[in-house]
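Number of protein chains: 2
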Amino acid sequence: MTTPDAAAGSALGAAAARLRVAVPSVADRVAAELRLQLAEGLLLPGARLTESTIAEDLGVSRNTVREAFAELAAERLVVRHPNRGVFVARLEAGDIHDVYTVRRAIEVSAIRGGGSPERVAAVRAAVEEGKAAAAANDEEGLGSANQHFHGAIVALAGSRRLDTIMSQVLAEMRLFFHKATVDAHFYRGYLPDNEEICTALEAGDLDRAGELLLAYLNRSEERQAAVHGA
Amino acid sequence: MTTPDAAAGSALGAAAARLRVAVPSVADRVAAELRLQLAEGLLLPGARLTESTIAEDLGVSRNTVREAFAELAAERLVVRHPNRGVFVARLEAGDIHDVYTVRRAIEVSAIRGGGSPERVAAVRAAVEEGKAAAAANDEEGLGSANQHFHGAIVALAGSRRLDTIMSQVLAEMRLFFHKATVDAHFYRGYLPDNEEICTALEAGDLDRAGELLLAYLNRSEERQAAVHGA
DNA sequence: ATTTCTCCGATTGTTCAACAATCCGACGAT
DNA sequence: ATCGTCGGATTGTTGAACAATCGGAGAAAT
Numbered sequence: 001m002t003t004p005d006a007a008a009g010s011a012l013g014a015a016a017a018r019l020r021v022a023v024p025s026v027a028d029r030v031a032a033e034l035r036l037q038l039a040e041g042l043l044l045p046g047a048r049l050t051e052s053t054i055a056e057d058l059g060v061s062r063n064t065v066r067e068a069f070a071e072l073a074a075e076r077l078v079v080r081h082p083n084r085g086v087f088v089a090r091l092e093a094g095d096i097h098d099v100y101t102v103r104r105a106i107e108v109s110a111i112r113g114g115g116s117p118e119r120v121a122a123v124r125a126a127v128e129e130g131k132a133a134a135a136a137n138d139e140e141g142l143g144s145a146n147q148h149f150h151g152a153i154v155a156l157a158g159s160r161r162l163d164t165i166m167s168q169v170l171a172e173m174r175l176f177f178h179k180a181t182v183d184a185h186f187y188r189g190y191l192p193d194n195e196e197i198c199t200a201l202e203a204g205d206l207d208r209a210g211e212l213l214l215a216y217l218n219r220s221e222e223r224q225a226a227v228h229g230a
Numbered sequence: 231m232t233t234p235d236a237a238a239g240s241a242l243g244a245a246a247a248r249l250r251v252a253v254p255s256v257a258d259r260v261a262a263e264l265r266l267q268l269a270e271g272l273l274l275p276g277a278r279l280t281e282s283t284i285a286e287d288l289g290v291s292r293n294t295v296r297e298a299f300a301e302l303a304a305e306r307l308v309v310r311h312p313n314r315g316v317f318v319a320r321l322e323a324g325d326i327h328d329v330y331t332v333r334r335a336i337e338v339s340a341i342r343g344g345g346s347p348e349r350v351a352a353v354r355a356a357v358e359e360g361k362a363a364a365a366a367n368d369e370e371g372l373g374s375a376n377q378h379f380h381g382a383i384v385a386l387a388g389s390r391r392l393d394t395i396m397s398q399v400l401a402e403m404r405l406f407f408h409k410a411t412v413d414a415h416f417y418r419g420y421l422p423d424n425e426e427i428c429t430a431l432e433a434g435d436l437d438r439a440g441e442l443l444l445a446y447l448n449r450s451e452e453r454q455a456a457v458h459g460a
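Chains V and Y, in that order, are what the protein sequence lines are. In this text, residue positions in the first sequence follow my numbering: the first is 1, and each later residue adds one. In this text, residue positions in the second sequence follow my numbering: the first is 231, and each later residue adds one.
Structure (structure tokens):
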């Protein structure tokens, strides 16, 4: 260890970190930009990301791009093939089941724990957001409302770690299933489910809410498996 | 996207990746070395890690150390304070509860799903490993046997993603609770619990196994909260 | 014609050196 | 004792360089 009073220094540091104006590093901004392009479907699974190309496209150093790649690789959005380069992650055999296994674990656990009224209200808000998007025939909005819904469910647990796990899983799904969102009525069928789950949650019937959510996830996995070959 | 046949290339790449002799990059080895020192308790929470120092200590470039830091930061073992440096992660208010929230979610979910006989056998093996360590008065071994036990439980689900999440959580706990392992009989009290949980699992009584495991985790959280102030 | 071999170009992995930006602590002024 | 100011130290980022490695193109061999 270094200094014995590192404790005091870090305590101050933590307070400062909360107040500091967030000025993301260049590497973070590069990663954010790439994340955006991945979510938009501009970068399709399997595509290769060349360091030098991205470096000059974004006007940053190759080393910085490299750091951004490390971030994205840690989030599984990108895969590193040593000495060959980084590629946008592709769906491999078992990945769909794997992702849904994670979702079943954390979403069901979170909803079974209930949550503060404000957090339940956030779930309700996501449901209403979905209805509004449906009324406006906004398929894009329907998709993101659905993600907000499931994000809000995990947020019930109030765990920073579960939240980041969930957001990473959702990012993976955006990447993998982008194709599916083109299907006009893909998400529409989920609206009644969300409504029902939310109602049970609001009524405090957590067991029922959990069961409904579990059934929903199982059905969703089946559909995704059907759409994608694997 | 780049090339239209990126699919074929990546398919081959995946096959090659399975067969390739794993030659970790220098950055990976640096990260591994630091992970080791963190687990050993050589680097205590709050300690500062200076890029240049580590770079020359390990005989690598500063940029490489930087990449290693990125890995560790993604695993929450280390925290980056912009322009100030990286510090070994410290336990902050709510972290204990947060970690246990994650464990409850994924461990209970995994055990509720049962698992193949081989995977159940792995859980049993971890229990026996713990008994042997207890008989030999090997406290260090007791601690790692306990971690193997919980790792084996998560492995029941057969999910790569859950496995890596769990291994990261366990790494965090090793870091945070290193102090506790000094307490001679800290883990010993858990042996009967592990035995009981494992027996229920082997008997196929998954509900009971889940309940026992949940109770165990709740008790464990209480104890950790009692030992550490926060 | 298909396979194998060899070589070349392109890209990655890693290092090094430099510089601006930032932070921390010490010193000094009020 | 409080407040500025300054200087040293460390990080953030860049640019260039070089070895290692990979993939493909073409030549050679069957």
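Positions of the beta carbon are idealized from the N, C-alpha and C atoms, including for glycine. Computed from a predicted structure; not experimentally measured.
Buried/exposed call for residue i, threshold 16 Cβ in 10 Å
i      : result
V/R90  : buried
V/R35  : buried
Y/G324 : exposed
Y/L431 : buried
V/S144 : buried
Y/S389 : buried
V/A225 : exposed
V/N146 : buried
Y/V457 : exposed
Y/G381 : buried
Y/A356 : buried
Y/E286 : exposed
Y/E305 : buried
Y/L272 : exposed
V/R219 : exposed
V/A215 : exposed
Y/L307 : buried
V/A31  : buried
V/E172 : buried
V/A136 : exposed
Whole-angstrom C-beta distance between residue j and residue i, which should lie under 8 angstroms
i      : j      : result
V/E53  : V/G85  : It is Thr, not Glu, that sits at residue 53 of chain V in the sequence shown. Contact doesn't hold; Cβ gap of about 10 angstroms is too wide.
V/L213 : V/E107 : 6 angstroms
Y/E451 : Y/I326 : 6 angstroms
V/V79  : V/A70  : At roughly 12 angstroms, the Cβ-Cβ gap does not stay under 8 angstroms, so V/V79 and V/A70 are not in contact.
Y/L268 : Y/V318 : 7 angstroms
Y/L288 : Y/E322 : Wrong, their Cβ atoms sit about 29 angstroms apart, outside the cutoff.
Y/S255 : V/P24  : That pair is no contact at about 25 angstroms.
V/R104 : V/C198 : About 18 angstroms; that fails the 8 angstroms criterion.
As an exercise, report each continuous beta strand (DSSP E) stretch of at least 3 residues that is fully enclosed by the region 33 to 106 of chain V, in chain order. 78 to 81, 85 to 88
Under 8 angstroms: do the region 335 to 350 of chain Y and the region 434 to 441 of chain Y share three or more Cβ pairs, one atom per stretch? yes
Counting beta carbon pairs with one atom in the region 26 to 46 of chain V and one in the region 136 to 155 of chain V, are three or more of them shorter than 8 angstroms? no
So, does the region 290 to 301 of chain Y touch the region 324 to 333 of chain Y, judging by three or more C-beta pairs under 8 angstroms? no
Counting Cβ pairs closer than 8 angstroms, one from the region 343 to 357 of chain Y and one from the region 383 to 397 of chain Y, do we hit at least three? yes
Completely contained alpha helix (DSSP H) runs for the region 183 to 227 of chain V, where each covers 4 or more residues: 191 to 202, 206 to 227
If contact is defined by three or more beta carbon pairs under 8 angstroms, each pair taking one atom from either stretch, is the region 419 to 426 of chain Y in contact with the region 353 to 363 of chain Y? yes
To test your reading of the DSSP string, which unbroken alpha helix (DSSP H) runs of 4 or more residues are found completely within the region 366 to 395 of chain Y? 369 to 385
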